[in-house]
Ligand code: ADP
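Numbering (the numbering used here), first residue to last: 1345 to 1743.
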């Protein structure tokens, strides 16, 4: 049997088709620019001889239904999914599950309604995720659809970690609290790190750092999330590509009052024009590192602020967890930037975090340990694989 994983955005659908036996990727790709005059489809797969193949198509795809139909067609033509009945399940990434969803969930009408209910908490993502579910249901009516939520892994956080110190009714009536995101990734890399440490996930304490364009840190106690840096929305916490992360909540009031900036402009400012981009004009860390090496002071500052925030969260989570087996880096930056890893860990040796400089800088895209042999806390890189985690969780939900 096979499992199709879909990640539906406002104008795109990314897909990966897995073989349930062994979890090999049979095909992957995306349709993008849905709704534009020339939408695009890209599909990668291996032919019978194991040779990598790629197919690219352009054409009108007026909506997500048309987009998913094209994906089904290309999977059929490549022979990777000759018939939808080969599917055990379709797993859907859903960004926000509010408090309703603690686990991957088999989709029915009530689930669709519940996902709709939390749209106000994720107005940019949940409608598109829901669209993906609805069109997949229409196209593959006899196949189980499973929703896998970015927030679900963090539903184990204690109240003391997820409540904000604002009036109680804002939580009770409006759901204002920390939810946390990237849960699928934190779960995947945490469980893999436990395997590499040779211990059950339920017996390890970890700090997982997902550092990509979006970035978040999670404290994992005995296999469950007990705190995470993103909040009610993915804006809180670490410095990100274009998001500010933590700031004094009074900054937006000040800007509104003194510059006459409206709420929509503030949202754009803090979500899309801040973070690394705001600090130095670039949000690609490779470029920022290159500039900093050449002596560019704003690039150096951007790296410094980002590393400072990261170190603060590592310290906070060391304190929350008490004992920690490993710190796990993942995401484009976490997996690749030895520079940022070194800056984040520098000075933490007395707390048991000892990076081995040679292991840290040895280029690799594999799972690996970067700490010195004597380091009480291991430092690891585990490349994330959210699609695989969604596929596995989808299978769990249907069985
Ligand atoms: P997304 O959150 O969009 O999935 P990624 O996880 O792909 O993002 O991470 C993107 C970030 O990773 C970018 O800032 C990019 O510069 C950074 N990155 C990718 N490769 C490297 C590298 N070799 N060294 C430093 N940074 C890198």
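Glycine is no exception: its CB is placed at the ideal position from the N, C-alpha and C atoms.
Is the CB of residue i under 8 Å away from at least one CB in chain C?
{"i": "residue 1520", "result": "No chain C is part of this structure, which consists of one protein chain only."}
Buried or exposed: residue i, going by 16 or more other Cβ atoms within 10 Å of its Cβ?
{"i": "residue 1528", "result": "buried"}
{"i": "residue 1513", "result": "exposed"}
{"i": "residue 1597", "result": "exposed"}
{"i": "residue 1429", "result": "exposed"}
{"i": "residue 1635", "result": "buried"}
{"i": "residue 1405", "result": "buried"}
{"i": "residue 1606", "result": "exposed"}
{"i": "residue 1743", "result": "exposed"}
{"i": "residue 1602", "result": "exposed"}
{"i": "residue 1730", "result": "buried"}
{"i": "residue 1608", "result": "exposed"}
{"i": "residue 1381", "result": "exposed"}
{"i": "residue 1663", "result": "exposed"}
{"i": "residue 1475", "result": "buried"}
Is the distance from the Cβ of residue i to the Cβ of residue j below 8 Å?
{"i": "residue 1654", "j": "residue 1702", "result": "no"}
{"i": "residue 1437", "j": "residue 1351", "result": "yes"}
{"i": "residue 1377", "j": "residue 1354", "result": "no"}
{"i": "residue 1495", "j": "residue 1524", "result": "yes"}
{"i": "residue 1741", "j": "residue 1367", "result": "no"}
{"i": "residue 1675", "j": "residue 1554", "result": "yes"}
{"i": "residue 1575", "j": "residue 1677", "result": "no"}
{"i": "residue 1538", "j": "residue 1544", "result": "yes"}
{"i": "residue 1490", "j": "residue 1433", "result": "yes"}
{"i": "residue 1698", "j": "residue 1540", "result": "no"}
{"i": "residue 1622", "j": "residue 1588", "result": "yes"}
{"i": "residue 1505", "j": "residue 1661", "result": "no"}
{"i": "residue 1508", "j": "residue 1733", "result": "no"}
{"i": "residue 1413", "j": "residue 1370", "result": "no"}
{"i": "residue 1618", "j": "residue 1577", "result": "no"}
{"i": "residue 1521", "j": "residue 1515", "result": "yes"}
{"i": "residue 1714", "j": "residue 1685", "result": "yes"}
{"i": "residue 1431", "j": "residue 1487", "result": "yes"}
By how many angstroms is the C-alpha of residue j removed from the C-alpha of residue i?
{"i": "residue 1465", "j": "residue 1638", "result": "42 Å"}
{"i": "residue 1481", "j": "residue 1530", "result": "28 Å"}
{"i": "residue 1447", "j": "residue 1738", "result": "10 Å"}
{"i": "residue 1612", "j": "residue 1581", "result": "17 Å"}
{"i": "residue 1570", "j": "residue 1632", "result": "33 Å"}
{"i": "residue 1600", "j": "residue 1616", "result": "17 Å"}
{"i": "residue 1317", "j": "residue 1704", "result": "Nothing in the structure corresponds to residue 1317, since the chain is present only between 1345 and 1743."}
{"i": "residue 1604", "j": "residue 1614", "result": "16 Å"}
{"i": "residue 1445", "j": "residue 1477", "result": "16 Å"}
{"i": "residue 1551", "j": "residue 1657", "result": "9 Å"}
{"i": "residue 1706", "j": "residue 1683", "result": "12 Å"}
{"i": "residue 1389", "j": "residue 1485", "result": "25 Å"}
{"i": "residue 1511", "j": "residue 1592", "result": "18 Å"}
{"i": "residue 1349", "j": "residue 1420", "result": "16 Å"}
{"i": "residue 1471", "j": "residue 1460", "result": "7 Å"}
{"i": "residue 1716", "j": "residue 1630", "result": "26 Å"}
{"i": "residue 1709", "j": "residue 1680", "result": "8 Å"}
{"i": "residue 1627", "j": "residue 1620", "result": "5 Å"}
{"i": "residue 1469", "j": "residue 1453", "result": "19 Å"}
{"i": "residue 1712", "j": "residue 1526", "result": "21 Å"}
{"i": "residue 1501", "j": "residue 1393", "result": "48 Å"}
{"i": "residue 1579", "j": "residue 1391", "result": "42 Å"}
{"i": "residue 1418", "j": "residue 1462", "result": "33 Å"}
{"i": "residue 1719", "j": "residue 1700", "result": "9 Å"}
{"i": "residue 1411", "j": "residue 1693", "result": "51 Å"}
{"i": "residue 1492", "j": "residue 1640", "result": "42 Å"}
{"i": "residue 1397", "j": "residue 1625", "result": "37 Å"}
{"i": "residue 1659", "j": "residue 1728", "result": "23 Å"}
{"i": "residue 1568", "j": "residue 1400", "result": "41 Å"}
{"i": "residue 1385", "j": "residue 1467", "result": "26 Å"}
{"i": "residue 1449", "j": "residue 1365", "result": "22 Å"}
How many whole angstroms separate the CB atoms of residue i and residue j, which I take to be in contact at a CB cut-off of 8 Å?
{"i": "residue 1423", "j": "residue 1347", "result": "Not quite, the Cβ-Cβ distance comes to about 17 Å (not below 8 Å), so this is no contact."}
{"i": "residue 1439", "j": "residue 1473", "result": "6 Å"}
{"i": "residue 1374", "j": "residue 1359", "result": "7 Å"}
{"i": "residue 1479", "j": "residue 1409", "result": "4 Å"}
{"i": "residue 1721", "j": "residue 1691", "result": "About 14 Å separates the two Cβ atoms, so there is no contact after all."}
{"i": "residue 1650", "j": "residue 1583", "result": "4 Å"}
{"i": "residue 1498", "j": "residue 1572", "result": "5 Å"}
{"i": "residue 1668", "j": "residue 1726", "result": "Not a contact, Cβ separation roughly 15 Å."}
{"i": "residue 1665", "j": "residue 1563", "result": "5 Å"}
{"i": "residue 1566", "j": "residue 1547", "result": "6 Å"}
{"i": "residue 1403", "j": "residue 1426", "result": "Not quite, the Cβ-Cβ distance comes to about 23 Å (not below 8 Å), so this is no contact."}
{"i": "residue 1379", "j": "residue 1443", "result": "Not confirmed; about 32 Å, so no contact."}
Any heavy atom of the ligand GDP within a distance shorter than 7 Å of the CB on residue i?
{"i": "residue 1680", "result": "Of the ligands this structure carries, namely the ligand ADP, none is the ligand GDP."}
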